[in-house]
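Asker: Mind looking over this structure? Questions follow.
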Amino acid sequence: MAKSSEKSASPKNVESKDEKPSLWSAPPVKILRATDSTRIEDIDFDETPGFEGTKAEGQALLPERGEVLSALQEKLYANGRAGDLRSILLVLQGMDTAGKGGMVRNVIGMVDPQGVDLASFGVPTREEKQHHYLWRIRRALPRGGKIGVFDRSHYEDVLVVAVHDLVPRQVWEPRFDEINAFEKDLTEEGTLIIKVALFVSPEEQRARLQERLDRPDKHWKYNPGDVTERGFLPQYRTAYQRAIDRTNTDYAPWFVIPANHKWYSRLAVTELLIDALEQLQLDWPAADFDVELEKKRLAES
Ligand code: AMP
Ligand code: MG
Numbered sequence: 026m027a028k029s030s031e032k033s034a035s036p037k038n039v040e041s042k043d044e045k046p047s048l049w050s051a052p053p054v055k056i057l058r059a060t061d062s063t064r065i066e067d068i069d070f071d072e073t074p075g076f077e078g079t080k081a082e083g084q085a086l087l088p089e090r091g092e093v094l095s096a097l098q099e100k101l102y103a104n105g106r107a108g109d110l111r112s113i114l115l116v117l118q119g120m121d122t123a124g125k126g127g128m129v130r131n132v133i134g135m136v137d138p139q140g141v142d143l144a145s146f147g148v149p150t151r152e153e154k155q156h157h158y159l160w161r162i163r164r165a166l167p168r169g170g171k172i173g174v175f176d177r178s179h180y181e182d183v184l185v186v187a188v189h190d191l192v193p194r195q196v197w198e199p200r201f202d203e204i205n206a207f208e209k210d211l212t213e214e215g216t217l218i219i220k221v222a223l224f225v226s227p228e229e230q231r232a233r234l235q236e237r238l239d240r241p242d243k244h245w246k247y248n249p250g251d252v253t254e255r256g257f258l259p260q261y262r263t264a265y266q267r268a269i270d271r272t273n274t275d276y277a278p279w280f281v282i283p284a285n286h287k288w289y290s291r292l293a294v295t296e297l298l299i300d301a302l303e304q305l306q307l308d309w310p311a312a313d314f315d316v317e318l319e320k321k322r323l324a325e326s
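The working numbering applies: residue 26 is where the sequence shown begins, and numbers increase by one.
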């Protein structure tokens, strides 16, 4: 974090923008970015795109990069306290057992919880159902200086809703444009959006569900509906493909992450967050008091 408090900080001396983590052949922000040719059916869930190290190296790297993430996050928070309205929003999508909860614990868990606005979105409550689907989303948006994390999101309203025909197609279809407009507004208000879709293979999902059944300490995570949803995997893939195709914008990009290896998906999301924070080119906020005068007052007290 050398020199980052200097007013003249350029992207180069803010953080390791150019000296990318050496175990990566290319930055995750490039390699995982969804493109027009991203095909979910082609994902190799076991792959660890761009990472050239071993599992042990990946696991060792996570806390190291966590320190970088945490230092940047502190700066974002400090700026928020000084009135900066900018924030980050990390949208986490993925089917059950894709690793959304573990992402929150293991990646977001590396930063100061004071600086995090976390929200998870389940089946809409009675109150939520009485409102537009973006109502609960708007209420949960990160405030200035925060990293907002959505464990599921407004995307459920074009995913589970489409898969199960919860509303007719002519109702969910226009939502893509509406979501794009919503996210554009958010971006213009100072929120940097990162959307992450985590994908595990059907076999890995079975193994993770099996573990939830075998271990009494994991029963709380198990929901009989999860097995039902497994029967809809092809429909979910279609729905994810459509959602990513329709809402993968420059201002709110999707990142598609093979997630059979938790150590990889966590490291990758850590890097995406670091990159996002670096884009903000944060300095420490200037003191709103006379530092020299305060030093003198303190010495004399
Ligand atoms: P979990 O993330 O395991 O707590 O599960 C939350 C459940 O809520 C998932 O099955 C989601 O598909 C479901 N869910 C989330 N948002 C919606 C929505 N807008 N409409 C219907 N179901 C939803
Ligand atoms: Mg669940």
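Built from N, CA and C at the ideal position, the CB exists for glycine as well.
State the start and end residues of the unbroken alpha helix (DSSP H) segment that holds I56.
Answerer: Element bounds for I56: 53-56.
Asker: Check the DSSP bridge columns for K287 and list the partner residues they point to.
Answerer: Answer is none; K287 lacks a bridge partner.
Asker: When every heavy atom of ligand 2 is checked, does at least one fall within less than 7 angstroms of the C-beta of D109?
Answerer: Because no heavy atom of ligand 2 lies under 7 angstroms away, the Cβ of D109 does not count as near it: no.
Asker: Taking three-plus beta-carbon pairs below 8 angstroms as touching, is the region 298-318 in contact with the region 105-117?
Answerer: Yes, the region 298-318 touches the region 105-117.
Asker: Which of the three DSSP states is assigned to I218 in this structure?
Answerer: Looking at I218 - three-state DSSP - the assignment turns out to be strand.
Asker: May I ask you to list the residues that DSSP assigns as paired with G173?
Answerer: L114, D142.
Asker: Counting only the same chain and skipping the five closest in sequence on each side, list residues whose C-beta sits under 8 angstroms from that of D69.
Answerer: Closer than 8 angstroms at the Cβ level, and outside the excluded window around D69, lie P283.
Asker: Can you name, in chain order, every residue of its own chain whose Cβ lies under 7 angstroms from the Cβ of K287, other than the five neighbours on each side?
Answerer: Excluding residues within five positions, the ones whose Cβ falls inside 7 angstroms are G124, G127.
Asker: May I have the straight-line CA-CA distance separating K220 from D239, to the nearest angstrom?
Answerer: Approximately 32 angstroms between the Cα atoms of the pair.
Asker: Once you ignore the five residues that flank Y265 on each side, which residues in its own chain have a CB closer than 7 angstroms to its CB?
Answerer: Within the same chain, Y265 has close Cβ partners I65, L184, A222.
Asker: Tell me, please, whether the region 93-105 touches the region 160-171 by the rule of three or more beta-carbon pairs shorter than 8 angstroms.
Answerer: With a cut-off of 8 angstroms, the region 160-171 and the region 93-105 count as touching, because enough Cβ pairs lie within range.
Asker: For P36, does the count of other Cβ atoms within 10 angstroms reach 16, so buried, or fall short, so exposed?
Answerer: At P36 the pLDDT is 44, less than 50, meaning the model places this residue with poor confidence and gives no usable figure here.
Asker: Would V412 and F257 be called neighbours here (beta carbons separated by less than 8 angstroms)?
Answerer: Past the edges of the chain, shown from 26 to 326, lies residue 412, and the structure says nothing about it.
Asker: Check each candidate in A81, L307, E317, F314 and name the one with the smallest Cα separation from D109.
Answerer: For the residues A81, L307, E317, F314, the minimum Cα distance to D109 belongs to L307.
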